[in-house]
Every structure is written in structure tokens, then in C-alpha cells.
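> Starting off with a structure, shown below.
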Amino acid sequence: MRRVAVVLLTALLATARLTPAVQNAARAVETLPTRQDSLKFAVLGDNGTGEQPEYDVGQQMAAARTTFPFDTVLMLGDNMYGRQDPQDFVVKFERPYAALLQAGVRFYATLGNHDDQNNRFYKPFNMGGERYFTFVKKDVRFFVLDTNQLDPKQQAWFDEALQRSDDRWRICIFHHPIYSDAARHGSDVSLRVVLEPLLVKYGVDVVFSGHDHVYERLKPQKGINYFVSGSGGQLRKGDVRPSGLTAAYYDQDQSFMLVEVAGNEMFFEAVSRSGAKVDSGVIRREPAGARNSR
Amino acid sequence: MKPHALATHHVGIHRRHRSAAARLLDRFLHRYLALPVGVGIALVWANTTPERYFVFAHSLAFLVNEIGMALFVGLIMQEIVEAVMPGGALHSWRRWSLPLLAAAGGMLGSAGFYLAYVHGHYESILAAGWPMACAVDIAAAYYVLKTILPRSGALPFVLLLAIATDLVGMLIIAPQYPTIAVHGGGLGVMLVALGIAGAMRALKVRSFWPYLVICGTLSWIALYREGLHPAFALVPIVPFLPHEPRRLDLLADPPDDDAVHHFEHEWNTLVQVILFFFGLVNGGVLLRGYDTGTWALLLGALVGRPLGILTAVGAAVAAGWHLPRGLGWRQLLVAALASSSGFTFALFFATGVLSTGPLLAQLTIGAVGTAAGSLLAIGAARLFRVGRFAR
């Protein structure tokens, strides 16, 4: 009788692992697989302070790259704090990430509330002079938005760009999180009611935001995975108020993320300023047929 | 907001037969309560069930902000046209020169403080919000001064200052309307609208409906196609309506058969309902959305404008101008503080320039917060024993 129960339980668990809900949820992984043909990138937000923690994070990113050779960094906004004269670009960007820049890593920035709008013309940010834009890396299309102001023209552009995308993965990055459990800013609900219908309609897989100076991974909302990674230089220690939406968080030190997209899987790690892994997991995206039925 | 549009009109015979509830509704609609009540409900709603609130607000935003508010702007335009026509309060240079200088000083002060704060915090992205810091809530200024200094020169002084300031503000924000695309062809449609309005004026059409329905609609389409804020649709049409000079003795306008005043009487209640919804749709903001823009707006409106007004008037007096009769420096200080509330106009300017997002939220909180200017004026009047606090 006991053996029958064990067999039934095992079968039940095996079935559960195949259901879309479980496939979509992140689960912890020991290490990033570092597959040869995968897309590897790093993510950091709210970093441009020019202070020691930013430099420490930059060093950790460079160290991580020796074993995880990413060639792209997504910057989630507030890439520059305070004065933004030419010398500040050196102190707050070029020096902290000098090792990465020298290795040919390309940074792609989104505008935060502290960024001068003219920074979109700064070549190393690879924004092409645009407030919002899209680019492709392997089978991932990234959509970069300016959520300081979600004007009708940008909304129309986003709708059209999503519609045209037939890429396997669709990843959005914008500064202000539409889901966040941090106390200072939290979820921007006014943005959510505008953006979420589009994200759901076109089956966006993952959203990265900053603004709140913490790391947080949210439980998937309407099939979409949300990350807040806004402690690349700034930190608001102890700011997260975990709720039913919280999957994991880290608000004790600066952090950044390492991400690897391989086939239908996206592996991720959140790494602290001291190099400790504070969260990890894998997201398995639904097959194309299931995406269209969302 | 246009004060005389808010005024209780003289329907004494009917009033005697009104119930207390009807009188309360009348007071609500005519005494500048509709918009603050709308904002109050929106703030509570947005901070309790935000998703429901923002879905509701987004669904009504176009109808209220782009269409409904055209009536409100039309009434403001009526005020301005009647003030500048012969016999109007702004027609004489001697009458409006000092308020105009004060308005310029107030704008420089509020914009200067706002921009200095924003740039001091290296958030240049907020610079576009400076017109909101300049906005003056005409009705708030009117009722505060009517309460404190009912029979002094402060009332027309501040009203002229407020009208001039908001007129400039409207001219600045009209081309900044965030739109998807400019379709073109609007100029031709506008010329047709103006041609029809001119023909009706020549034919002495006194009913306001054809002007507003036919010409107003065409004008709205023209502005929308050109990517300009369509809430300004009645601005080019109102001058064609028959007018009589505005005296700025706002609560005492006698009933008459003039087409424009008829327009005002008919639409006042409707505009108040629109303002209620304007407050409801735009006033809701998550209170934790405060940030640099909030403080910049408060500083610009509550400190920069009064200082700018006092400095400009001081310079004018030093250059030989005279203060209006009954307006001393203490009264002027109270008047300057009474004009520091931007509330309705600051909200209107914000929605006219900014789109959904945290910048709008920051400035909305600041705009609502400028209502504190009315309290500052009352506090200053008590402190310096001005007007009704003199005894």
C-alpha cells in the first residue's frame, strides 16, 4: 500500500513538473550552464553614482566575466546621478566598467529619472539617440522604454514593435517597476494599467526594471516574469516589504544580475557586491503555440 | 478657474423655494468645491484600490481632458476677451500695467525657483514642468481674497495678475500636447471654422449654440489634426461671440440676455461637473510618488511666485508706479500668497504637457499641495492683521 502511494506521489510530481505553470516558474539552479551558443548578458540598474560601491560592483562584473563571458550589459536607468558633465561620464561610467569596456562588452541603457535626456546620444550607451528602441541578440528581442513619460507616440511604437516581433524571446527593460515590493517607490500602477495589457497581449517573457534600490524577483504575473535590479550603485537597505508577490529579494548590499538565454530556457543569477550569489533560477518559456494563445 | 463662472447667480425668487439639499448642491457647484472634492475622492481611491482607480481614470482621460475641458478653457477665454475689450478691466494700460508687471515677476519667480531646484538636484528631465509652477488658481485666489479683503484693490489686482499668468501659461503648453502623430490639414479646417464663426457674427446670430457646436467642433478637429491641445478649441471661436465688457465685480453680474452670458449661465453647471471629473480623473496619485518635482513645484509656487510678485511690484513702485488704492504692502503680501495656489490650472497644465508616468505623478502631488497657498495667505493676514483680521 505504501509503495503504491509512493508511486502515485512520484507520478503526480512528475506530471506537475510538466504543467505550464510550473515550467514558467523559476527554480533555483546551482550554476549558470555557460553553454557555448547561448546569449549571455548582465543587468544592473541605478548604478551611476561614481562612488566606491559602483566600482566594487564593476569589479565583480569583470570577475564574473572570466567564467561567464557575457558580451552585453543592460542598464536599467539612473545610469548617471548628479552632475553629468563629460568628466562625470568618465568617473561614473567609463572607469567603473573599464575592464568590461576594454573587453568589447556593449552596454545598452534605458533612461531613468536622474538621467539627462541628452545622454541618449552618448555612444557607449548604444541608444542610437532614441528614448525608446529595440534590438536583437541571437533569438532574444529587447524592447527598451522610457517610462519617465509613457507618451501616446511611444505606446503606439511599442505596440507596433511587439506586433512585428517574431523572436523566440521578448524581453522588456524600463526604469520604473510596474511590480515591486520596495517601500520607497513600489509598483507604479499608473504605468501598469497602460503597459501590462501590451505585455500580456504580445507574450513578453521577462521585464527588468530598476528605480527601487534593491533586488527583487516577483512571482510571475499574468505569465510574465518581473525583476527589479536597482542596486548597481545605490542601495536602500532593508527596503523590501515582502508580500504574496515576492519570489525572492535581496536588500542588504549592492547587486547585479547575470543572465543566460539558451533555447527555451533563461538562467539567471543575482550577485552581490561581495560576489555572493543571492538568488538564482531558470525560467522556461512556453512554446510558441502557447504564447499566441495568451 | 473663472471666478464669475463660479459665482452664484441671482435667482432669488427661485432660491426661496429651494430645499436645503438643492442649496447645498448649488453651493457645491458654484463655490469651487467640485474640483477639490473630485481630487479628494481620487486621492483616497488611488491609494486604496490603485489598479481599479487607474483603469477608470485612463478610460475617461481623453473624454474629460481633451473634450470636456474645452468648455472650461472656453469660459476662461470668455473672461479674457471681455476683460481686454473697450470698457473691460484690462483695456486700460493704467489699470493692468502693475498687475501685468506683477504677473511677469510671479512667473519669473516661480519658474526660476522651480528650475533652480530641479537643476540643483540634477533632474533636468523635470525642467519641462516649469509652466505648472507658474499656474495660478484664479478661483482659489478670488475666494481667499474675497474673504480676507473683500473691498480692497487686492481683488482686481490679483485677478488680473492671475488671468495674465494663466493666459501666458496656456499659450506655452498648447503646442506641447503629447500626440501620436500630426495628421495635417488642420489649418484648412480651422479656416472653415473661423469663416463660419465670422459669418454668423456678421449675421448677428446671438445664440451661442451654433458657434460652439459647429465652429467649436471644427476647431477641435483642426487642433487635434495639427497635434495641438484640442482643449483649446474654443479659444479662437469665443472672440466671435457677442460680448459685453467684464468689470471683474464678479459676484454681482446682473442677469442679462447677452449671448455670452447666457452661454456662461447655461454652461456653468456643466463646467463644474466637468471640473469634478477632471479632479477625479487627474487628481488620483499614489502619495509615495512624491519626489523632486513635487518639492520643486511647491517651492516655485509657494515661495518663488510671492517673492517674484513682491520684487516686481517693489521695482515698479521704485520706478514711479503707484500701488492701487487701499493696497498697502501688507495687503500686497497677502494678495501675493493668495495667488500662490496653482491647483486647478497646475493640474490642467500638467495633463496638457506630461503623459502617464512618474513625472506626472510627482507634479500632480505638487499641484494639489499648492492649495496650501490659500492657508498661507490666511495665516499671513492673521499675522499682519490684514483685512477682516485687522480688528
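Protein chains in written order, with my numbering: chain A, 853 to 1146; chain B, 128 to 518. Just so you know, even glycine gets a beta-carbon here, dropped at the ideal spot from N, CA and C.
#1: How would you list, in chain order, the residues of chain B whose beta-carbon sits under 9 angstroms from the beta-carbon of H1028 of chain A?
#2: Thinking W394 of chain B and L170 of chain B are a contact (beta carbons under 8 angstroms), I'd like their distance in whole angstroms, please.
#3: Determine, using beta carbons only, whether P885 of chain A and F1119 of chain A come nearer to each other than 8 angstroms.
#4: Using DSSP with H/G/I as helix, E/B as strand and the rest coil, what is F1108 of chain A?
#5: Hey, would you say V1045 of chain A sits closer than 8 angstroms to Q1007 of chain A, going by beta carbons?
#6: Determine, for V874 of chain A, whether the minimum Cβ-Cβ distance to residues of chain B falls below 8 angstroms.
#7: Which chain B residues are close to G934 of chain A, counting only those with a beta carbon under 8 angstroms from its beta carbon?
#8: Per DSSP, what kind of secondary structure is G236 of chain B in: helix, strand or coil?
#9: Measuring straight from C-alpha to C-alpha, what distance separates G1127 of chain A and L298 of chain B?
#10: Around the C-beta of P381 of chain B, are 16 or more other C-beta atoms found within 10 angstroms, so that it is buried, or is it exposed?
#11: Determine the chain B residues that contact P1004 of chain A at a beta-carbon separation under 8 angstroms, and present them in chain order.
#12: Which partner residues of I1165 of chain A appear in the DSSP bridge assignment?
#13: Verify the CB distance criterion: does E206 of chain B have a CB-CB separation below 8 angstroms to chain A?
#14: Using the Cα positions of F183 of chain B and K1005 of chain A, report the straight-line distance between them to the nearest angstrom.
#15: Just curious, the alpha helix (DSSP H) that L486 of chain B is in, first and last residue?
#16: Can you confirm whether the segment 896–906 of chain A touches the segment 928–942 of chain A when touching is taken to mean that 3 or more C-beta pairs between the two stretches lie within less than 8 angstroms?
#17: Can you give me the Cβ contacts of Y338 of chain B inside the same chain, cut-off strictly under 7 angstroms, excluding the 5 residues immediately before and after it?
#18: Below 8 angstroms on the Cβ atoms is my contact criterion, and I expect L460 of chain B with A281 of chain B to pass it. Report the Cβ-Cβ distance as a whole number of Å.
#19: Using alpha carbons as the reference points, say which of B:A494, B:V495, B:G411, B:A463 lies closest to A268 of chain B.
#20: Could you tell me the distance, in whole angstroms, from the CA atom of F284 of chain B to the CA atom of G236 of chain B?
#21: Mind checking if H246 of chain B is an interface residue toward chain A, Cβ cutoff 8 angstroms exclusive?
#22: Three-state secondary structure (DSSP) at I1030 of chain A?
#23: Which residues of the segment 1057–1077 of chain A have a Cβ closer than 7 angstroms to any Cβ of chain B? Give them in chain order.
#24: Please confirm whether N965 of chain A has its beta-carbon closer than 8 angstroms to some beta-carbon of chain B.
#25: Can you give me the Cβ contacts of F476 of chain B inside the same chain, cut-off strictly under 7 angstroms, excluding the 5 residues immediately before and after it?
#26: Do you know offhand how far A238 of chain B's Cα is from G427 of chain B's?
#27: Measure from the alpha carbon of A1099 of chain A to the alpha carbon of each residue in A:V1092, A:V909, A:E1068, then state which is nearest.
#28: In the DSSP assignment, what residue or residues form a beta bridge with L1070 of chain A?
#29: Tell me, please, whether the segment 940–957 of chain A touches the segment 911–918 of chain A by the rule of three or more beta-carbon pairs shorter than 8 angstroms.
#30: Kindly list the residues whose CB is nearer than 8 angstroms to the CB of T919 of chain A, restricted to its own chain and excluding five residues on each side of it in sequence; keep chain order.
#31: Comparing the C-beta of A320 of chain B with each C-beta of chain A, is any distance below 8 angstroms?
#32: For a minimum of 4 consecutive residues, which ranges assigned as the alpha helix (DSSP H) are wholly contained in the segment 253–330 of chain B?
#33: With a cut-off of 8 angstroms, does the C-beta of S1081 of chain A fall near any C-beta of chain B?
#34: In three-state DSSP terms, what is K990 of chain A?
#35: Does DSSP classify N931 of chain A as helix, strand or coil?
#36: Determine whether the Cβ of R415 of chain B lies closer than 8 angstroms to any Cβ atom of chain A.
In short, the structure shows the following:
#1: G484, P485, listed in chain order.
#2: With a contact defined as Cβ atoms closer than 8 angstroms, W394 of chain B and L170 of chain B miss out at about 27 angstroms.
#3: In this structure, F1119 of chain A lies closer than 8 angstroms to P885 of chain A by Cβ.
#4: Residue state, collapsed to three classes: strand.
#5: Cβ atoms of V1045 of chain A and Q1007 of chain A: not closer than 8 angstroms.
#6: The predicted model places V874 of chain A with a pLDDT of 31, which falls under 50 and marks its position as unreliable, so this point remains unresolved.
#7: Chain B residues near G934 of chain A: Y249.
#8: In the three-state reduction of the DSSP assignment, G236 of chain B falls in the helix class.
#9: Going from the Cα of G1127 of chain A to the Cα of L298 of chain B covers about 55 angstroms.
#10: Its pLDDT being 45, under 50, P381 of chain B is placed unreliably by the model, and nothing is read from it.
#11: Those within 8 angstroms of P1004 of chain A in chain B are P305, T306, I307, S482.
#12: Outside the displayed span of chain A (853 to 1146) sits residue 1165 of chain A, for which this structure offers no information.
#13: False, the Cβ-Cβ gap to chain A never drops below 8 angstroms.
#14: So the alpha carbons of these two residues sit roughly 21 angstroms apart.
#15: DSSP places L486 of chain B in the uninterrupted alpha helix (DSSP H) bounded by 485–496.
#16: The answer is yes - the segment 896–906 of chain A touches the segment 928–942 of chain A, with three or more Cβ pairs under 8 angstroms.
#17: Excluding sequence neighbours, Y338 of chain B sits near A324, M327, I364, F367, L368.
#18: About 10 angstroms; that fails the 8 angstroms criterion.
#19: When only C-alpha atoms are compared, the closest one is B:A463.
#20: Roughly 18 angstroms between the two C-alpha positions.
#21: No - not a single Cβ of chain A is within 8 angstroms of the one on H246 of chain B.
#22: Of the three classes helix, strand and coil, the one that applies to I1030 of chain A here is coil, per DSSP.
#23: Against chain B - using a Cβ distance shorter than 7 angstroms - the segment 1057–1077 of chain A contributes no residues.
#24: Residue contact check for N965 of chain A against chain B: a CB pair falls below 8 angstroms.
#25: Around F476 of chain B, the same chain offers P258, M259, A262, G296, I300 as residues with beta carbons nearer than 7 angstroms, after the five sequence neighbours per side are excluded.
#26: Rounded to whole angstroms, A238 of chain B to G427 of chain B spans 6 angstroms at the Cα level.
#27: Of the candidates A:V1092, A:V909, A:E1068, A:E1068 places its Cα closest to the Cα of A1099 of chain A.
#28: The beta-bridge partner set that DSSP reports for L1070 of chain A consists of A:T1098.
#29: With a cut-off of 8 angstroms, the segment 911–918 of chain A and the segment 940–957 of chain A count as touching, because enough Cβ pairs lie within range.
#30: The answer, listed in chain order, is T886.
#31: Not one chain A Cβ lies under 8 angstroms of A320 of chain B.
#32: Runs of the alpha helix (DSSP H) inside the segment 253–330 of chain B: 257–261, 265–275, 281–300, 313–329.
#33: Closer than 8 angstroms: no.
#34: Of the three classes helix, strand and coil, the one that applies to K990 of chain A here is coil, per DSSP.
#35: Of the three classes helix, strand and coil, the one that applies to N931 of chain A here is coil, per DSSP.
#36: With 8 angstroms as the cut-off, R415 of chain B counts as an interface residue toward chain A.
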